[in-house]
Amino acid sequence: MEGSDVQQQLKVLRDLQRIDTHSYEARQQRQELEKELAELEREGEQVRAVVTELGDALDALENERRELARELGQERENVVKAEERLPAIKTQKEYVAVLKEVDTAKKNVRDLEQRIAGKDDEINRLAQEKQEKDEELAAQEAKVSERKGDIDEQLRQIDTALSSREDERKALFDRLPRMLGKRYQMLVDRRAGLAVVEARDGACLGCNMQLPPQSFNELFRNDEVLTCPHCNRIIYLDPETPGQA
Ligand SMILES: [Zn+2]
Numbered sequence: 001m002e003g004s005d006v007q008q009q010l011k012v013l014r015d016l017q018r019i020d021t022h023s024y025e026a027r028q029q030r031q032e033l034e035k036e037l038a039e040l041e042r043e044g045e046q047v048r049a050v051v052t053e054l055g056d057a058l059d060a061l062e063n064e065r066r067e068l069a070r071e072l073g074q075e076r077e078n079v080v081k082a083e084e085r086l087p088a089i090k091t092q093k094e095y096v097a098v099l100k101e102v103d104t105a106k107k108n109v110r111d112l113e114q115r116i117a118g119k120d121d122e123i124n125r126l127a128q129e130k131q132e133k134d135e136e137l138a139a140q141e142a143k144v145s146e147r148k149g150d151i152d153e154q155l156r157q158i159d160t161a162l163s164s165r166e167d168e169r170k171a172l173f174d175r176l177p178r179m180l181g182k183r184y185q186m187l188v189d190r191r192a193g194l195a196v197v198e199a200r201d202g203a204c205l206g207c208n209m210q211l212p213p214q215s216f217n218e219l220f221r222n223d224e225v226l227t228c229p230h231c232n233r234i235i236y237l238d239p240e241t242p243g244q245a
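Under UniProt numbering, the sequence shown has 148 at position 148, and the numbering climbs by one with no breaks.
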């Protein structure tokens, strides 16, 4: 009854492989979704950083503008004060000096007015840029939160699917002889989740290499569980495949 034991074991191995292939794909999918989520969050942080930077720059410009406005007020006062002194002046020399003071203060007023106008342009430009970024950020955050909701739901479904098959998998695994179980598990871990593969037309469908003719012949005998000499995966013949078994 050796042969029938091997057939039983191969059946268990193939059932196990089916479950593990699903799990492997589900875990891959989970990884991709988590990567997407991280990428979305990273993009959000980038836009947020730009918005913060623009806000800081705007604050700095407004402080500079306030300082210029204060200076302007002072210079205007200087003009008024100097002009008030003019009627009471007695000497030509003093008159010229005060007129010069008035001129300088007026020139300062004009300079300051120009600088303030320039600041206003800068502030307007930056405020507009910030508003655009604010809108971009809001739109992106809405998009991210929606996509995040989708992804969370998908991850939840994946986890449910994964855990729902744990008992079934364990029951199958426990039916394998200990060494065979170990070998299977090692292959699943090292061969991208694929441990059990069909041999067809003389080739291993795991690595697509030709099997030595004697290996292929042994497969028909079902004396033992055989492995591909190239990739070490467990190989079987599918009785459903025409011309085999
Ligand atoms: Zn192979």
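The C-beta atom is built at its ideal place from N, Cα and C for all residues, glycine as well.
Using only alpha-carbon positions, find the residue among the options that is nearest to residue i.
i: Leu-137; options: Glu-45, Asp-238, Val-188, Gln-31; result: Glu-45
i: Gly-55; options: Arg-30, Lys-119, Glu-129; result: Glu-129
i: Leu-126; options: Tyr-236, Glu-53, Ile-89; result: Glu-53
i: Ile-234; options: Glu-224, Thr-241, Glu-240; result: Glu-224
i: Glu-32; options: Gln-9, Gln-154, Arg-178; result: Gln-154
i: Val-79; options: Asp-152, Glu-64, Glu-34, Val-98; result: Val-98
i: residue 274; options: Glu-198, Arg-65, Cys-231; result: Given a span of 1 to 245 for the chain in the structure shown, any question on residue 274 remains unanswerable.
Can you name the start and end residues of the alpha helix (DSSP H) that residue i belongs to?
i: Ala-171; result: 166 to 174
i: Glu-224; result: Careful: Glu-224 lies outside any alpha helix (DSSP H) and carries neither H nor E.
i: Leu-180; result: 178 to 190
Give me the DSSP bridge partner(s) of residue i.
i: Arg-27; result: DSSP, once it has assigned bridges, lists no residue as partnering Arg-27.
i: Tyr-236; result: Glu-198
i: Ala-203; result: Arg-200, Gln-210
Which first and last residues belong to the beta strand (DSSP E) in which residue i is found?
i: Arg-200; result: 196 to 200
Can you have a look at residue i and say buried or exposed, based on whether 16 or more other CB atoms are within 10 angstroms of its CB?
i: Ala-69; result: exposed
i: Thr-227; result: buried
i: Glu-166; result: exposed
i: Val-12; result: buried
i: Val-196; result: buried
i: Glu-39; result: exposed
i: Phe-216; result: buried
i: Met-1; result: Its pLDDT being 42, under 50, Met-1 is placed unreliably in this model, and the coordinates cannot settle the point.
i: Pro-146; result: Strictly speaking, residue 146 in this sequence is Glu, with Pro absent from that position. Result: exposed.
i: Leu-86; result: exposed
i: Glu-124; result: Looking at the sequence itself, residue 124 is Asn, so the reference to Glu does not match. Looking at its Cβ environment, which holds fewer than 16 other Cβ atoms inside 10 Å, Asn-124 is exposed.
Under 8 Å: do the stretch 28 to 45 and the stretch 177 to 191 share three or more Cβ pairs, one atom per stretch?
no
Measuring CB atoms only, is the stretch 100 to 109 touching the stretch 51 to 68, in the sense that at least three cross pairs come out at less than 8 Å?
no
Would you call the stretch 109 to 118 and the stretch 138 to 152 in contact, with 3 or more CB pairs under 8 Å?
no
Between the stretch 198 to 211 and the stretch 153 to 168, are three or more C-beta pairs nearer than 8 Å?
no
At least three beta-carbon pairs within less than 8 Å, the stretch 169 to 177 to the stretch 16 to 23:
yes
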